[in-house]
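Colleague:
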Amino acid sequence: MSSSTEYKVRREEVFKIIGMHCANCAITIQKSLERIGVSASVSLASEEARVAYDPRYVPPKKILEAVRRAGYDIYKEEAVFIVDGLVSSEDDLAIEKRLSSIEGVLDVSSNHATRTIRIVYNPLTARISDLREAIEQAGLRVVREQVGEEVEDIGRVLLEKESRVLRMLLVIASPPTAMLVFLANIAPYIPQTAPLASSFFVKYVLGFILATPAMIAGVYRFLRTGIRAILNLAPNMDSLVVLGTFSAYIFSTLVALGIASGEVFFEAGSVVMTLILLGKYIETRLRLRTGEAVRRLMELQARTARVIRGGVEVEIPVEEVRVKDEVVVRPGEKIPIDGVVKSGRGYVDESMLTGEPLPVEKNPGDPVVAGTILTKGSIVVSVTRVGKETLLAQIIRLVRVAQSSKPRIQVMVDRISKYFTWIVIAIAIASFLAWYLAAGAPLWMAILFSVSVLVIACPCALGLATPMAIVVGFGKAALSGILIKDPSVVDKLPKVRYVVFDKTGTLTEGRPRVRRIVAIDRGFSERDILRIAASAELRSEHPLAQAIVSEARERGVDIPEPESFDSLSGMGVIARVGSSLVGVGNIKLVQGLEARINGAEAIAGEMMGEGLTAIYVVKDGSVVGVIGVGDDLKPGAVEVIEYLRSRGFKVAMLTGDTRATAMAIARKLGIDDVIAETLPEEKVERIREIQGRGYRVAMVGDGINDAAALTQADVGIAVGSATDIAKEAGDVVLVRRDIYGVIDVFNIVDAVRRKAVENLFWAFIYNVILIPIAAGALYPGYGIMLRPEYAGLAMALSSVSVTGWTLLSLGRWKPGGR
Numbered sequence: 084m085s086s087s088t089e090y091k092v093r094r095e096e097v098f099k100i101i102g103m104h105c106a107n108c109a110i111t112i113q114k115s116l117e118r119i120g121v122s123a124s125v126s127l128a129s130e131e132a133r134v135a136y137d138p139r140y141v142p143p144k145k146i147l148e149a150v151r152r153a154g155y156d157i158y159k160e161e162a163v164f165i166v167d168g169l170v171s172s173e174d175d176l177a178i179e180k181r182l183s184s185i186e187g188v189l190d191v192s193s194n195h196a197t198r199t200i201r202i203v204y205n206p207l208t209a210r211i212s213d214l215r216e217a218i219e220q221a222g223l224r225v226v227r228e229q230v231g232e233e234v235e236d237i238g239r240v241l242l243e244k245e246s247r248v249l250r251m252l253l254v255i256a257s258p259p260t261a262m263l264v265f266l267a268n269i270a271p272y273i274p275q276t277a278p279l280a281s282s283f284f285v286k287y288v289l290g291f292i293l294a295t296p297a298m299i300a301g302v303y304r305f306l307r308t309g310i311r312a313i314l315n316l317a318p319n320m321d322s323l324v325v326l327g328t329f330s331a332y333i334f335s336t337l338v339a340l341g342i343a344s345g346e347v348f349f350e351a352g353s354v355v356m357t358l359i360l361l362g363k364y365i366e367t368r369l370r371l372r373t374g375e376a377v378r379r380l381m382e383l384q385a386r387t388a389r390v391i392r393g394g395v396e397v398e399i400p401v402e403e404v405r406v407k408d409e410v411v412v413r414p415g416e417k418i419p420i421d422g423v424v425k426s427g428r429g430y431v432d433e434s435m436l437t438g439e440p441l442p443v444e445k446n447p448g449d450p451v452v453a454g455t456i457l458t459k460g461s462i463v464v465s466v467t468r469v470g471k472e473t474l475l476a477q478i479i480r481l482v483r484v485a486q487s488s489k490p491r492i493q494v495m496v497d498r499i500s501k502y503f504t505w506i507v508i509a510i511a512i513a514s515f516l517a518w519y520l521a522a523g524a525p526l527w528m529a530i531l532f533s534v535s536v537l538v539i540a541c542p543c544a545l546g547l548a549t550p551m552a553i554v555v556g557f558g559k560a561a562l563s564g565i566l567i568k569d570p571s572v573v574d575k576l577p578k579v580r581y582v583v584f585d586k587t588g589t590l591t592e593g594r595p596r597v598r599r600i601v602a603i604d605r606g607f608s609e610r611d612i613l614r615i616a617a618s619a620e621l622r623s624e625h626p627l628a629q630a631i632v633s634e635a636r637e638r639g640v641d642i643p644e645p646e647s648f649d650s651l652s653g654m655g656v657i658a659r660v661g662s663s664l665v666g667v668g669n670i671k672l673v674q675g676l677e678a679r680i681n682g683a684e685a686i687a688g689e690m691m692g693e694g695l696t697a698i699y700v701v702k703d704g705s706v707v708g709v710i711g712v713g714d715d716l717k718p719g720a721v722e723v724i725e726y727l728r729s730r731g732f733k734v735a736m737l738t739g740d741t742r743a744t745a746m747a748i749a750r751k752l753g754i755d756d757v758i759a760e761t762l763p764e765e766k767v768e769r770i771r772e773i774q775g776r777g778y779r780v781a782m783v784g785d786g787i788n789d790a791a792a793l794t795q796a797d798v799g800i801a802v803g804s805a806t807d808i809a810k811e812a813g814d815v816v817l818v819r820r821d822i823y824g825v826i827d828v829f830n831i832v833d834a835v836r837r838k839a840v841e842n843l844f845w846a847f848i849y850n851v852i853l854i855p856i857a858a859g860a861l862y863p864g865y866g867i868m869l870r871p872e873y874a875g876l877a878m879a880l881s882s883v884s885v886t887g888w889t890l891l892s893l894g895r896w897k898p899g900g901r
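FYI, the numbering for the sequence shown is 84 to 901, going by my numbering.
#1: Using only the alpha-carbon positions, how far apart do residue 511 and residue 520 sit?
#2: Report the option in 114, 120, 115 and 136 whose CA atom is closest to the CA atom of residue 93.
#3: Which of the three DSSP states is assigned to residue 571 in this structure?
#4: Under 8 Å by Cβ, that's how I've got residue 559 and residue 896 pegged, so tell me the actual separation to the nearest angstrom.
#5: From residue 660 to residue 646, what does the alpha carbon distance come to, in whole angstroms?
#6: By the three-class DSSP mapping on this structure, what secondary structure does residue 638 have?
#7: What are the start and end residues of the beta strand (DSSP E) that includes residue 385?
#8: When DSSP labels each residue in this structure, what does residue 327 get in the three-state scheme?
#9: Taking the alpha carbon of residue 197 as the reference point, which residue from 215, 168, 214 and 216 has its own alpha carbon closest?
#10: So, is residue 681 buried or exposed, given that buried needs 16 or more other C-beta atoms within 10 angstroms?
#11: Kindly provide the ranges of any alpha helix (DSSP H) runs that are 4 or more residues long and lie completely inside the region 178-255, ordered along the chain.
#12: Tell me which same chain residues have a C-beta within less than 6 Å of the C-beta of residue 231, skipping the five on either side of it?
#13: Based on DSSP bridge pairs, tell me the residues matched to residue 122.
#14: Where does residue 400 sit, in a helix, a strand or coil, going by DSSP?
#15: Which residue or residues does DSSP assign as beta-bridge partners of residue 461?
#16: In the DSSP assignment, the alpha helix (DSSP H) including residue 749 goes from what residue to what residue?
#17: Answer with buried or exposed for residue 891, where buried requires no fewer than 16 other C-beta atoms within 10 angstroms of its C-beta.
#18: Rounded to the nearest angstrom, what separates residue 772 and residue 705 at their Cα positions?
#19: Going by DSSP, what residue range makes up the beta strand (DSSP E) through residue 696?
#20: With a CB to CB cut of under 8 Å and the five nearest residues on each side skipped, what residues in its chain are close to residue 466?
#21: Quick one: using the 10 Å Cβ neighbour count with 16 as the cut-off for buried, is residue 614 buried or exposed?
#22: Taking 8 Å as the cut-off, does the region 527-544 touch the region 814-828 (at least 3 CB pairs, one atom from each stretch)?
#23: Taking the alpha-carbon positions, what's the residue 387 to residue 691 distance?
#24: In chain order, which beta strand (DSSP E) runs of at least 3 residues are fully inside the region 805-863?
#25: Name, in chain order, the residues that DSSP records as bridge partners for residue 96.
#26: Could you tell me whether the Cβ of residue 194 comes closer than 9 Å to any Cβ of chain C?
#27: Quick check for students: name the residue ranges of the alpha helix (DSSP H) that lie wholly in the region 627-685, counting only runs of 4 or more.
#28: Taking only runs that begin and end inside the region 273-330, name each unbroken alpha helix (DSSP H) of 4 or more residues, in chain order.
#29: Which ranges does the alpha helix (DSSP H) cover as unbroken runs of at least 4 residues, wholly within the region 481-553, from first to last along the chain?
#30: Starting from residue 599, trace the alpha helix (DSSP H) both ways and give me its first and last residue.
#31: Would you be able to state if there are at least three C-beta pairs under 8 Å between the region 286-294 and the region 342-353?
#32: Would you check if the distance between the CB atom of residue 595 and the CB atom of residue 587 is smaller than 9 Å?
#33: Write down the C-beta distance between residue 191 and residue 173 rounded to the nearest angstrom, noting that I regard them as a contact closer than 8 Å.
#34: What does the alpha-carbon distance come out to for the pair residue 338 and residue 292?
#35: Might you give, ordered along the chain, the residues of its own chain that have their beta carbon closer than 8 Å to the beta carbon of residue 91, omitting 5 neighbours on each side?
#36: Along the chain, where does the alpha helix (DSSP H) that runs through residue 878 open and close?
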């Protein structure tokens, strides 16, 4: 450890490392860890890192980030707790602080908007029981814990339960409150009822009786959480409601009993409580709609599957289906699992998962995924994935995780909210003292001003501003085939000015084909060149090699099995075919073999000028032919580049092709900045170089050989990764292969951030303007007094408006890239 970071080690922890395969891996990880100021010992044999650190200076999350920066990962597990009692940003901060102090906890994200606490932890150190116990010790009730996937949307169930409870409380509170409002504010102005309204019985006794049901409802809904928050020194909105309404109610009761003197205002506490209950009820109903995306995705899950067992079709619960089972799917039915079509043909509607509007034809060998619908035909599917491993289950999980996580803007708001409630309480006390002691106002008036301050302040509007935008926006994106895995994209993407596209599989179709074959040696025909090259490439998994082998098979060329094979990264392959040594690759391979080039460079130059990749075929030390392989541009690639450039982004293309080939393709796309002849392992360095010039970079790739570059970029966007999205690199995954989705990513992130900022702006303006008015700032000069009833109405409307306007604006968002 460097001297600058020599502090007392308070914790030693063992982490299981994923991705180690050589001694250099251990050294790389150890150096990365030591850079953040910890003492680390990494073992290749056990694939573990023993880390000594002080969590006061290096939180466990930094250790995770350091390992990831090195290109590896830590084995971790995730638990999601659905809890009762989370009501504000202050509660979120308090529980996050408590849980983060537990050894083994890597990351905590609490979201009162969705009633969830998501904990990423090291299972070698922390246990689920420890986490649950810590949550319950904080005064929260664990309703459900999810480790892995759950088919039930328990968060929605909890909101529906809260909605029913609030409706019941409103039924209890509303009729007596309405009667009280009539007797206190209307009856005194009607000649026939005025004497009755001013009588001792109506004003004091009946006032107490009619106000009490609303207070009882408030005790049930707000008192426990409000008092608990005060005792934990983290007061929240419930605390303000309790302090305000019960102050008015208790003071009025003391006056009615003759213990105190002054005016009674039973109606103030009763009306405020009823209005807040009504606001909470409307907010809950609206929030049920914000979870529409997850609900719709969950409805895609089939409940049963028709499986062939012993030659007979048997219908069983989908949970009982196993890998390698054969499932029969008929027209109009949901495909219950992920798999590969074994027999039959049909058309599958994948729109709910990928946003693709037209059914996709499926033939034997084609993949299908759970939740899609067979619109035509009949197929038998060989099962490859079930349960939480299916694409649909992964999408649901990622949407939930993203919705319950916090971007930086929300972390900032949480910090403000931490002090906001204390400031409001201080203003309420100052208001009371100023009016009662300094201004000499009656006690009842000073209390009314104080109560109005407590009631009108709305930390909920602040706390909901960003989470509501994320829940609605990310949900709409998911239904359009855009999965935003990391909510920090909301902070980072607007700062990006440089967009780098990987070429193969991103800007092009990713299905290269042989376009030209030229025999250099007159003793060889095109078929001879193709046979030699295909034999050498037979064991290679490179897309260009597969293109050559596929072309040979389509032409009916016999492909002999090579006797030996060696792949040279960034150059090509060497193989022994019969008695000959054959090399297939680029000019570096030719130079490395010191082969006679026989004028092949001119032919290769022609091919590269056409945008083809020139592949030299060498036999026994002499170039005998050149094969030109090309890939079609994806539909919409040109339009996407034009769109990004019109918005002022710098756009670059990253490729392993020669510069001549890359420039020919770039000209078709309208890209000026070309980074060519880059090996897969060099892509990270190219991204770092751009970042070193002061740019924030978004990298768009297919996630196959550019995973490290996607991770290095400020924002990584993986296109067409509809296989195992949970393991994909990248902050955003486009399930569909449609490149127009890149435009949609920028648009939905802009929309979410804009709505979050708008919500925050109005929430701040609301509090900045109305709190001073509630404190009586306009009373001396204008006689304007904001009574608690109106303060309560304003507070209820503020939360409802944040949720409602977010739903109205983001709920109508549709992918417009096309």
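Glycine residues also receive a C-beta, built at the ideal position from the N, C-alpha and C atoms. As the structure is a computational prediction, the values presented were derived from the model and not from experiment.
Modeller: In short:
#1: Each residue's alpha carbon lies about 14 Å from the other.
#2: For the options 114, 120, 115 and 136, the alpha carbon positioned closest to that of residue 93 is the one of 136.
#3: In the structure shown, residue 571 sits in coil (DSSP, three-state: anything other than H, G, I, E or B).
#4: Correct: roughly 5 Å between the Cβ atoms.
#5: Approximately 6 Å between the Cα atoms of the pair.
#6: In this structure, residue 638 counts as coil in the three-state DSSP scheme.
#7: Annotation: residue 385 is outside any beta strand (DSSP E) and is labelled neither H nor E by DSSP.
#8: In the structure shown, residue 327 sits in a helix (DSSP, three-state: H, G or I).
#9: It is 168 whose Cα lies nearest to the Cα of residue 197.
#10: Residue 681 is exposed by the Cβ-count criterion.
#11: Whole alpha helix (DSSP H) segments, 4+ residues: 211-220.
#12: For residue 231, the predicted model reports a pLDDT of 48, less than 50, meaning its position is unreliable; a value from the coordinates is still stated below. If we look at residue 231 and ignore the five residues flanking it on each side, its Cβ neighbours are 471.
#13: According to DSSP, which records beta bridges pairwise, residue 122 is partnered with 135.
#14: Reduced to three states, the DSSP call for residue 400 is strand.
#15: Here residue 461 is bridged, per DSSP, to 428.
#16: Note, residue 749: alpha helix (DSSP H), 742-752.
#17: Exposed, because fewer than 16 other Cβ atoms sit within 10 Å of the Cβ of residue 891.
#18: One alpha carbon belongs to residue 772, the other to residue 705, and they sit about 38 Å apart.
#19: Element bounds for residue 696: 696-702.
#20: The beta carbon of residue 466 is closer than 8 Å to those of 404, 405, 406, 407, 408, 409, 410, 420, 421 and 422 in its chain, skipping five residues each way along the sequence.
#21: Buried, by the Cβ-count rule.
#22: Using a C-beta cut-off of 8 Å, the region 814-828 makes no contact with the region 527-544, since fewer than three inter-stretch Cβ pairs fall below that distance.
#23: Here the alpha carbons of residue 691 and residue 387 stand approximately 54 Å from one another.
#24: Fully enclosed beta strand (DSSP E) runs of 3 or longer: 815-817.
#25: For residue 96, which the question treats as bridged, DSSP gives the partners 134.
#26: Of the chains in the structure shown, none is chain C; there is only one protein chain.
#27: Listed in chain order, they are 670-675.
#28: Within the region 273-330, the complete alpha helix (DSSP H) runs of at least 4 residues are 277-280, 290-301 and 307-314.
#29: With a minimum length of 4 residues, the continuous alpha helix (DSSP H) runs that stay inside the region 481-553 are 491-516 and 526-539.
#30: Counting along the chain, residue 599 falls outside any alpha helix (DSSP H), though it belongs to the beta strand (DSSP E) covering 596-602.
#31: Segments in contact, yes.
#32: A contact, by the Cβ cut-off of 9 Å.
#33: Wrong, their Cβ atoms sit about 15 Å apart, outside the cutoff.
#34: Distance between the alpha carbons of residue 338 and residue 292: 14 Å.
#35: Confidence in residue 91 is poor, its pLDDT being 47 and thus under 50, which makes the residue's placement unreliable; the coordinate value appears in the next sentence. The beta carbon of residue 91 is closer than 8 Å to those of 137 in its chain, skipping five residues each way along the sequence.
#36: Residue 878 -> alpha helix (DSSP H) spans 871-893.
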